[in-house]
Structures are given as C-alpha cells and as structure tokens.
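The working numbering puts the first residue of the sequence shown at 70, with every later residue one more than the last.
Glycine residues also receive a C-beta, built at the ideal position from the N, C-alpha and C atoms.
Keep in mind it's a predicted model, so treat the numbers as computed, not measured.
Here is the structure we will look at.
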Amino acid sequence: MSSNSRGAWGSRFGFVLAAAGSAVGLGHIWRFPYVTGENGGAAFVILYIACVFLIGVPILFAELSLGRHSHKNPVGAIKAIAPTGGWKYLGYLGVATGLFILSYYTLIAGWTFGYIFKTLLQNPLTFDEFSTNAPLNSLLYVVFLLMSIGVVYGGIRGGIERWSKILMPILPVILLFIIIYTLTLEGAMEGVRFYLRPDFSEITGETIMIALGQAFFANSLGMGAMITYGSYLDKKENIIAAGTTVVIFGIMISFLAGFAIFPAVFAMGKSPAEGAALVFVILPEIFEMMPGGILIGTLFFLLLAIAALTSAISLLEVPVAFLIDERKVRRKVATWLVGGVTLLFGIPSALSFGASDFFTHLPFWAGHSFFDLMDYIFGSVALPLGGMMFSIFVAWRWGMFGASKEVSLGNDKFIGIQSKVWGIILKYICPIVILLVLLNSIEVF
Ligand code: TRP
70 MSSNSRGAWG SRFGFVLAAA GSAVGLGHIW RFPYVTGENG GAAFVILYIA CVFLIGVPIL
130 FAELSLGRHS HKNPVGAIKA IAPTGGWKYL GYLGVATGLF ILSYYTLIAG WTFGYIFKTL
190 LQNPLTFDEF STNAPLNSLL YVVFLLMSIG VVYGGIRGGI ERWSKILMPI LPVILLFIII
250 YTLTLEGAME GVRFYLRPDF SEITGETIMI ALGQAFFANS LGMGAMITYG SYLDKKENII
310 AAGTTVVIFG IMISFLAGFA IFPAVFAMGK SPAEGAALVF VILPEIFEMM PGGILIGTLF
370 FLLLAIAALT SAISLLEVPV AFLIDERKVR RKVATWLVGG VTLLFGIPSA LSFGASDFFT
430 HLPFWAGHSF FDLMDYIFGS VALPLGGMMF SIFVAWRWGM FGASKEVSLG NDKFIGIQSK
490 VWGIILKYIC PIVILLVLLN SIEVF
C-alpha cells in the first residue's frame with residue numbers, strides 16, 4: 070500500500086521514532102524552559118500540559134489521518150478532499166509557516182552546534198560575545214542548514230529514519246545526569262518551587278496564547294508536518310498509539326529540561342525570564358562547575374544538535390514535499406530551493422541578538438527583536454491558527470465518518486465512544502477554544 074515512489078517508513082518503530090524526532094527538539098529543551106521562565110513557571114507548565122492533551126493530541130490524530138488518507142503534503146492532502154474552493158490556502162499557510170519557523174529555528178540549532186565545540190574546547194566566549202559575532206553565526210547557520218539539506222536530500226528511509234532511530238533514546242539519560250547535579254546546588258530548591266508550585270495569578274490572556282502556541286510548536290502541529298509524516302505511514306499502523314507515544318515522550322523531555330534549568334537558574338541567582346538565551350547562558354555555567362562537565366556538556370549539545378536536526382528536517386520536508394507533489398519539482402532541486410529561501414529569511418534573525426541594532430530592537434514592535442517577532446507570529450500565533458483550521462477542515466469538511474474510518478484501519482477498537490469523543494473535541498472544542506484564545510490575546514495586545 071505505502072510502497073509508492075514518494076517513499077515510506079521502513080517500520081512501525083521507525084515511524085514513531087521519526088515522528089518523535091520531529092516533535093522532540095529545541096522546542097522542548099530550548100523553547101519550553103524559556104517561555105516557562107518568562108510566563109511565571111509552574112502555572113504555565115500546567116496550562117501547557119492541558120493544552121497538549123485537550124487540543125494538541127486530537128489535532129495530532131487529525132493531521133496524521135489526513136496525511137495517511139491522501140499520501141500527500143498538506144496542500145495535496147486538502148485538495149484530495151476539497152479539490153475546489155479556498156481550503157487549499159490552509160495548506161499554503163502551513164507550507165509558509167514551516168519555512169519561516171525553519172528560518173529562525175536553524176539559527177538556534179546552529180548555536181547548539183557551535184556549543185558542542187565551545188564546550189569541548191572550553192572556549193571562554195560569553196553568550197553575548199558568541200551571539201553578536203555575525204561571521205560565526207552565519208557560518209554555523211549555513212553549516213546546520215547544509216546538514217538538514219543533506220538529510221532531506223537522502224529521502225525518507227535512508228535519511229530521516231536512520232538518524233532518529235539511533236539517537237533519540239539517549240537524550241533523557243543525559244538530562245537526568247544534569248538534574249541530579251543541579252539539585253545538589255545551594256538555592257536549587259527555590260527553582261524547584263518556581264517550577265512546580267503554581268501561582269495562577271501570573272496567568273493572562275497572552276500567557277494562555279503562548280502555552281497553546283508552545284503545545285503546537287513542541288508537537289510539530291498546526292502547519293502540516295504531521296500530515297506530511299502521516300503521508301508516509303502504512304494503513305496498518307495504529308495512529309492513536311503512535312501519536313500518543315510521541316506526545317508523552319515529548320512531555321517527559323520538556324519536563325526534564327525544565328528540571329535541568331530552573332534549579333540552576335535560582336542557584337546562580339539569575340532571572341528565569343532571560344528569554345531565548347536562557348539555556349545557552351545557564352547550562353554552560355553548570356557544565357563548568359559540574360564534575361565531568363566537559364564531557365556531559367559536549368554530549369548534551371551534541372544530542373541537542375541532533376534532536377534539532379531531526380526537527381529541522383521535518384520543517385524542511387513540508388515545503389519540499391509540497392514542491393515535489395504539487396509543482397513536480399525534483400527532490401534535489403526542491404531541497405536546494407527551500408534551503409535558499411530559508412537562508413534569506415534567516416539573516417535578519419541571526420542579526421537579532423545584538424549584531425544589528427535595528428533587528429535587535431525593532432522600532433515598530435516595541436523594541437523587541439526581529440527574532441522575537443518571527444517566533445511570536447509563527448511559533449505562537451500561526452500554528453494555533455493553522456491547527457484551528459485543520460480541526461475545522463477535518464471535522465466539518467472531511468467529516469468525522471471519513472476521519473474515524475481512516476484511524477480505525479490500524480485500530481479496530483477506534484469505533485463507538487473513542488471516535489465520538491474525538492469528534493466532539495475536534496468539531497467544537499478545538500475551534501472554539503483556539504478562537505477564544507486568539508481573540509483574547511489580540512485584545513491584550
Ligand atoms: N517540534 C519541534 C521542536 O520542538 C520543532 C518543529 C519541527 C516544528 N517541526 C515542526 C514546530 C512543525 C512546528 C511545526 O523542536
């Protein structure tokens with residue numbers, strides 16, 4: 070069934086790991102701690118987990134079944150169900166969002182890559198010196214982008230799957246080492262409190278928006294990455310089991326990452342609201358103090374760079390699959406094309422950390438950086454917006470009958486109550502909740 074020329078996953082395990090590879094990345098280890106730190110800690114964590122299970126998981130199932138149903142990229146998947154009309158623009162939105170997220174994701178991924186060597190060679194550059202060094206950032210950016218291109222070039226089985234399989238399982242072990250050490254530091258308990266004792270007075274409309282955005286970002290939802298990954302999935306696979314495994318693995322990694330960061334933040338007397346630099350400021354100091362820190366730190370950044378790579382390729386794969394399926398471009402040409410556009414939009418992001426005053430403090434956006442603007446628009450707003458439209462599309466346009474049938478192909482228990490609950494959430498709860506959150510955050514803005 071799935072052995073068409075587009076490529077397919079080699080095995081069930083391969084798919085779960087590749088989907089986990091797409092999901093688990095900088096979103097969990099870099100983005101989750103910094104948005105949690107900026108938005109009040111424990112209360113945000115609870116809000117985040119609620120968003121993942123209530124909104125994220127049902128939309129994940131929707132994306133996977135839509136992809137597997139059509140064996141297509143987001144635009145093609147939509148056209149397979151709604152050949153005429155405006156729905157295809159939802160697919161375009163997804164393709165564009167993937168490209169823009171990739172443009173700044175690659176920057177952070179490049180830092181991670183640079184920090185492997187910085188840690189190993191015990192280079193004394195501070196984060197500020199590092200991030201304002203334009204030639205260094207450009208070099209790392211291009212190197213990382215080339216690595217992503219290299220993997221996507223290789224196609225499905227040879228590239229994406231092989232990498233994910235070998236490396237994803239080591240990450241939690243390294244995080245545990247870091248946690249055990251940071252918990253011994255004086256003052257660490259204050260960080261544990263910040264992270265685990267909720268203060269709901271910190272929650273505002275915008276906080277909810279950011280928690281929802283993070284639920285989408287971390288699980289690669291809302292722009293069709295999971296449609297594209299689902300399109301390489303065999304009909305006998307169990308979408309529910311595979312999807313749930315991926316989400317739970319992701320929550321575990323995020324939770325561990327926060328535990329590795331916040332106790333250390335407080336032990337060092339720093340602010341948890343450091344922003345996008347948080348992980349890159351805090352962890353290297355930990356590695357400096359910790360016994361075996363050079364080795365653990367090097368390994369940590371190596372694994373993080375690989376986790377980022379398996380995520381970046383899923384962002385890259387969406388526009389590439391779109392060009393292959395819809396515009397009949399060859400895979401190699403498509404990959405270079407998308408890589409080139411990514412680079413173009415990545416430049417202003419790379420200059421957003423002090424290298425250019427203009428991009429660091431945009432005059433038209435309250436002095437925030439170009440990078441923050443991109444991450445807000447695409448990471449926090451466009452993904453929930455896309456997710457809302459996907460849920461409406463699947464529940465109302467495709468219909469719960471067709472969608473449930475697709476899921477039940479690999480899971481014969483998915484009839485009756487399970488599919489009813491899914492239907493209600495997808496039909497009503499997802500669109501309404503997301504719409505309210507979006508409207509509310511605009512007002513606050
Ligand atoms: N989920 C990945 C991470 O947490 C990033 C990512 C990959 C992504 N593909 C995506 C985010 C698609 C949004 C949409 O690092």
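Report task. Grab me the residues of W156's own chain with a C-beta within less than 7 Å of its C-beta, minus the 5 sequence neighbours each way, in chain order. Result -> The answer, listed in chain order, is I147, F462, R466.
Query raised in the report: Taking three-plus beta-carbon pairs below 8 Å as touching, is the region 430 to 437 in contact with the region 188 to 200?
Result: Under the Cβ criterion (8 Å, minimum of three pairs), the region 430 to 437 does not count as touching the region 188 to 200.
Query raised in the report: Helix, strand or coil for V389 per DSSP?
Result: Secondary structure at V389: helix, using DSSP grouped into helix, strand and coil.
Report task. Count the CB pairs spanning the region 158 to 165 and the region 325 to 335 that are closer than 8 Å, and state whether there are at least three. Result -> Taking 8 Å as the limit for Cβ pairs, the verdict is that the region 325 to 335 does not touch the region 158 to 165.
Query - For G327, the first and last residue of its enclosing alpha helix (DSSP H) - result: Per DSSP, the continuous alpha helix (DSSP H) segment holding G327 begins and ends at 308 to 336.
Requested in this report: Report all residues from its chain with a CB closer than 6 Å to the CB of P500; omit the five preceding and five following residues, and keep chain order.
Outcome: Only M457, S460, I461 meet the Cβ criterion.
Requested in this report: Examine the Cβ distances between the region 100 to 113 and the region 262 to 276 and report whether three or more of them are shorter than 8 Å.
Outcome: Judged by Cβ distances under 8 Å, the region 100 to 113 makes contact with the region 262 to 276, as three or more pairs qualify.
Query - Residue range of the alpha helix (DSSP H) that includes W491 - result: From DSSP, the alpha helix (DSSP H) with W491 extends over 486 to 493.
Query raised in the report: Should the region 391 to 400 be regarded as contacting the region 169 to 186, the criterion being three or more beta carbon pairs within less than 8 Å?
Result: At 8 Å Cβ cutoff, the stretches do not touch.
Query raised in the report: Using CA coordinates, which residue listed in S473, E475, P453, L384 is at the minimum distance from V502?
Result: Measuring C-alpha to C-alpha distances from V502 to each of S473, E475, P453, L384 identifies P453 as the nearest.
Query raised in the report: Should S380 be counted as a contact of the ligand TRP given a C-beta to heavy atom distance under 7 Å?
Result: Yes, the beta carbon of S380 sits closer than 7 Å to at least one heavy atom of the ligand TRP.
**Report entry** Cα-Cα separation between L521 and A280, rounded to whole angstroms
**Finding:** Since the first residue shown for the chain is 70 and the last is 514, residue 521 is missing from the structure and cannot be characterised.
Report task. For A89, name the three-state secondary structure that DSSP assigns. Result -> Helix, per DSSP.
Query raised in the report: Helix, strand or coil: which one does DSSP assign to C499?
Result: DSSP places C499 in the helix class (H, G or I) of the three-state scheme.
Query - Continuous alpha helix (DSSP H) assignments of at least 4 residues falling wholly in the region 278 to 302 - result: Correct list: 294 to 299.
Query raised in the report: Where do the N-terminal and C-terminal ends of the alpha helix (DSSP H) with G260 fall, by residue?
Result: Where G260 is concerned, the enclosing alpha helix (DSSP H) starts and stops at 257 to 265.
Query raised in the report: What do you reckon, are the CB atoms on V387 and V164 nearer than 8 Å?
Result: Remark: C-beta atoms of V387 and V164 approach each other more closely than 8 Å.
**Report entry** beta-carbon I170 near the ligand TRP non-hydrogen atom, thresh 7 Å
**Finding:** Correct: I170 has its Cβ closer than 7 Å to the ligand TRP.
Query raised in the report: Using a threshold of 7 Å, is the CB atom of S383 nearer than that to any non-hydrogen atom of the ligand TRP?
Result: Checking every heavy atom of the ligand TRP against the Cβ of S383, one is found closer than 7 Å.
Query raised in the report: For I247, which option in S217, A310, V506, V348 has the closest C-alpha, if you only look at C-alpha atoms?
Result: Closest option to I247, Cα to Cα, is V348.
Query raised in the report: Quick one: is the Cβ of S91 within less than 7 Å of any heavy atom of the ligand TRP?
Result: Checking the Cβ of S91 against the ligand TRP gives yes.
**Report entry** Beta-carbon gap between G125 and A284 smaller than 8 Å
**Finding:** Yes, the Cβ-Cβ distance between G125 and A284 is below 8 Å.
Report task. With distances taken Cα to Cα, identify the nearest neighbour of L495 among R399, I128, F84. Result -> Among R399, I128, F84, the Cα nearest to that of L495 is on I128.
Requested in this report: Grab me the residues of W99's own chain with a C-beta within less than 7 Å of its C-beta, minus the 5 sequence neighbours each way, in chain order.
Outcome: Cβ within range, chain order: I177, V348.
**Report entry** Environment of P360 [buried if 16+ CB atoms lie within 10 Å]
**Finding:** Label assigned to P360: exposed.
Query raised in the report: Roughly how many whole angstroms lie between the Cα atoms of G409 and W180?
Result: Between the C-alpha atoms of G409 and W180 there is a straight-line separation of about 19 Å.
Requested in this report: Assign F356 to one of two classes, buried (16 or more other C-beta atoms within 10 Å of its C-beta) or exposed (fewer than that).
Outcome: Classification for F356: buried.
**Report entry** Own chain, CB closer than 6 Å to S72, minus 5 neighbours either side, in chain order
**Finding:** Any reading at S72 needs caution, since the residue's pLDDT is 40, under 50, leaving its predicted position unreliable; the model's value is listed next. Answer for S72: no residue qualifies.
Query - H97: CB within 7 Å of a non-hydrogen atom of the ligand TRP - result: Checking every heavy atom of the ligand TRP against the Cβ of H97, one is found closer than 7 Å.
**Report entry** Cβ shell of F369 (< 6 Å), same chain only, five flanking positions each side left out
**Finding:** Beyond the five residues adjoining it in sequence on each side, F369 comes within less than 6 Å, by CB distance, of I243 in the same chain, given in chain order.
Query raised in the report: If we count the other Cβ atoms within 10 Å of its Cβ and call it buried at 16 or more, is S421 buried or exposed?
Result: Under this definition S421 is a buried residue.
Requested in this report: Determine the DSSP secondary structure at G455, reduced to helix, strand or coil.
Outcome: Reduced to three states, the DSSP call for G455 is helix.
Query raised in the report: Are the beta-carbon atoms belonging to N480 and I239 less than 8 Å from one another?
Result: At least 8 Å separates the beta-carbon of N480 from that of I239.
Query raised in the report: Rounded to whole angstroms, how far is the Cβ of A112 from the Cβ of F269, which I believe are closer than 8 Å?
Result: The beta-carbon distance between A112 and F269, rounded to whole angstroms, is 5 Å. This is short enough to meet the 8 Å contact definition.
Query raised in the report: Should V144 go down as buried or exposed, given a rule of 16 or more other Cβ atoms within 10 Å for buried?
Result: Looking at its Cβ environment, which holds 16 or more other Cβ atoms inside 10 Å, V144 is buried.
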